[in-house]
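Read in order, the letters of the sequence shown correspond to residues 33 to 490 in the UniProt record's numbering.
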Amino acid sequence: HATKKTMADHLRKYESLFTLTPQRMRMIVEAFTETLEIGLNKPNQIVPMIPTYVFGWPTGQETGDFLALDLGGTNLRVCLVTLQGEGKFEITQTKYRLTEEQKQDDGQKLFDFCAECLKTFVDTNFGERDSALKPGQNLPLGFTFSYPCSQERIDHGELIRWTKGFGAANTEGRDVAEMFKKSLEKYQLPIQLTALINDTTGTLIASHYVNPRTKIAVIFGTGCNAAYMENVKNIEKINHLGIDPAAEMAINCEWGAFDSFEHEHLPRTKYDAIVDDTSNKPGEQAFEKLISGRYLGEILRLVICELIDEGVLFLGQNTYKLEKPYCLDTAFLSLMESDPTDELLMIIGIFTHFFALETTLAERQFFRALAKLIGRRAARLSSCGIAAIVSKMGYLEEGCMVGADGSLYNKYPGFADRVHEGLQDIFGEKGRNIITHHAEDGSGVGSAIIASYDKDQE
Ligand code: ADP
C-alpha cells in the first residue's frame, strides 16, 4: 500500500508550480514589452501608461525651498525640502494621522484638513525663515496624490476613482488640484500648488537627482508599479497635443494591471486564482496580485489551508485562526525566511503566538521553503517588468540603475538579489548591467524637485 508522503514530497509539487524558468521569463518579457507599447499608442488600455506631464530629468542643480504634501494611505505627510544642488537635499517632515471618517467624509473637507496641517507646519517650521519670503512671494508646493488621476498638465488632475480605502464624497471626477487650491486660499497660505504627482514618478525623479544613472523607478509595497522617462515622440496617444516631439516625459506605467482579465501570459496557480476571485476587484491588477505585499502572505495561507483540508497539516489541532483570509501578513514570510536558528524558533513563535498552532521541525522547514518559493517568484516576475522597460528603451548595453522602494523591496530578505538573479536569467551576463538600489523618498523629495521644474520655467 501507498506510503505516507513526507513534507519534502509535498514540497516538490509546489516547487514545480511556483518556479519560473528563464525561458518562461523571456516569454513574459516579450508580451510585457508589447503591452507597454500598446499603452503608449492607444488611450485607455489595460496597462494605461499614464503621461505625467513631468518633462525631463532633473539637472541635479535644482536649489531652493519647496513644500511637499503626501496624501498616502494612513498618514498625511508634510515636508519642507531644501534642495541644495549637486544632488543634495535636506528634509524636515511631520506626519498627521487621518481618521477613517476623514477618508469617507466630504472631499473638500479632506483638502481643508490638508491645508490646515500645512498651516500648522509652516507656522512651526518656517517661522524664522518667513522673513526670507518677499511679500507676495509664494512657496512652491508639490502634491503627491497617489490615486489614479487623468492629467492634461502638471498642476491639474481629475480623480478617476478613489483606491486604498478612501471614499470621500464629491471628489471622483473632479479636479483635485483645483479643490486643493480652494482650501489653500481659505487658509490664506503663501503657497502655490505647482505639481500634482504620483509617488512612482516622484521616486523616479528623486532617485535620478541623487544618482543620474537611475532610469527607472519601481515600487513594491501594498501595490506594485513603475515609472520611467519616455520620448514624447513615442507617446503616440498624445501626439495631437503638439508637444515638442524631442522632449521627454515621465510615464506612470500602472503596470500592476499587466495581464488583467485575459490571464494569458502570467503563470497563475490555483491559489492565485482564488486570491483573484475573492478580491474586491476580480480580474484586475493581475501582475500586482502575484507580486505585491498585500497578497504574498495570502498565497502562502491558501497553500497551507489546502494541506489542512487534505489532512496533511495540524491534524487534531484547531486551525480556525489560520482560516481567516489575509491573517498571514507578508511580513511573516520575511520573518520565516530570515529565521537564523536550526530549530526555526521564529517560525515556532509565529504559529504559536498568532495562530495557536504547534508545528514540527519538518513542517517549519516546509513553510520556510514555501515562503521562499512565493517570495522568489514575486521577485523574478518583478525582473520581467523591469526587463520589459529596459528592452523597450534599449538600456541593456550601457546599463542603468533602478530606484526601488516599498516594504517588500526594503524588508524582504534577498528580494533585491533575486531580482538581480532574474535579470541575469533573462538577459544573460549583460543582466548584471541593470542594478536596483533603494530609492530616495519620492513623495517628499521627488515632489519638491518636480515643483522646482515649474519655478525654473517662470
Ligand atoms: P505602501 O505601499 O502602502 O505605501 P509599504 O511599502 O510599507 O506601504 O507596503 C506595505 C506592504 O508591505 C503590506 O502589504 C505589508 O504586508 C508588506 N510588508 C510590511 N512589512 C513587511 C516585511 N517586513 N516584509 C515583507 N513585506 C512587508
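In this text, a Cβ means the ideal position worked out from N, Cα and C, and glycines have one as well.
Residue i Cβ short of 8 Å to ligand 1 heavy atom set
i	result
Tyr444	yes
Gly438	yes
Gly478	no
Ile251	yes
Ser311	no
Leu328	yes
Leu365	yes
Gly255	yes
Ser324	yes
Gly104	yes
Thr362	yes
Whole-angstrom distance between residue j and residue i, CA atom to CA atom
i	j	result
Glu490	Gly117	For Glu490, the predicted structure reports a pLDDT of 43, less than 50, and the residue's modelled location is therefore unreliable. A value from the coordinates is still provided. Each residue's Cα considered, the two are about 19 Å apart.
Gly174	Glu390	51 Å
Ala419	Pro445	22 Å
Gly189	Pro172	17 Å
Thr126	Ala147	14 Å
Cys256	Glu217	35 Å
Tyr219	Lys151	7 Å
Thr316	Ala289	The sequence given here has Glu at residue 316, not Thr. Each residue's Cα considered, the two are about 6 Å apart.
Cys111	Met433	26 Å
Tyr46	Val344	14 Å
Gly474	Gly139	24 Å
Leu115	Leu440	28 Å
Ala279	Asn230	20 Å
Phe386	Trp89	47 Å
Ala249	Gly435	5 Å
Arg185	Thr84	8 Å
Ala483	Leu339	53 Å
Gln77	Asp371	43 Å
Gln136	Asn312	18 Å
Gln55	Thr156	57 Å
Ser48	Gln397	18 Å
Pro80	Asp449	29 Å
Ile267	Lys36	59 Å
Asp309	Glu294	14 Å
Asn284	Thr235	11 Å
His452	Lys74	32 Å
Ala388	Ser414	34 Å
Ala194	Glu461	Strictly speaking, residue 194 in this sequence is Trp, with Ala absent from that position. The alpha-carbon atoms of Trp194 and Glu461 are separated by roughly 43 Å.
Ile421	Ser215	39 Å
Val61	Asn243	26 Å
Asp457	Val113	40 Å
Tyr260	Asp341	45 Å
Glu66	Gly438	26 Å
Gly104	His470	19 Å
Arg58	Leu298	12 Å
One or two residues paired with residue i in a DSSP bridge
i	result
Asn107	Arg129
Met433	Thr246 and Ile467
Asp138	Ala201
Val113	Phe98 and Ile123
Pro172	Gln224
Ile406	Paired residues: none, contrary to the question.
Asp187	In the DSSP output, where bridge partners are listed per residue, Asp187 has none listed.
residue 19	Lying before the first or after the last residue shown, residue 19 is absent from the chain, which here runs from 33 to 490.
Ser215	Ser215 is not bridged to any residue.
Ser48	Per DSSP, none; premise fails for Ser48.
Pro83	Ile283
Ser182	Glu190
Phe177	Leu103
Ile229	Thr176
Inter-residue CB distance, residue i and residue j (contact presumed, cutoff 8 Å)
i	j	result
Leu142	Tyr128	With a Cβ gap of about 12 Å, Leu142 and Tyr128 do not count as contacting.
Thr233	Gly478	7 Å
Ile380	Met368	Wrong, their Cβ atoms sit about 11 Å apart, outside the cutoff.
Ile331	Asp291	The pair is not a contact, with the Cβ atoms about 16 Å apart (cut-off 8 Å).
Tyr485	Phe87	7 Å
Gly205	Leu191	7 Å
Glu69	Lys404	Contact doesn't hold; Cβ gap of about 34 Å is too wide.
Ile223	Leu99	6 Å
Subject >> Runs of alpha helix (DSSP H) lying entirely within the region 258-332, each at least 4 residues, in chain order >> reply: 302-309 and 318-323
Subject >> Every unbroken alpha helix (DSSP H) inside the region 368-404 [4 residues or more] >> reply: 377-387
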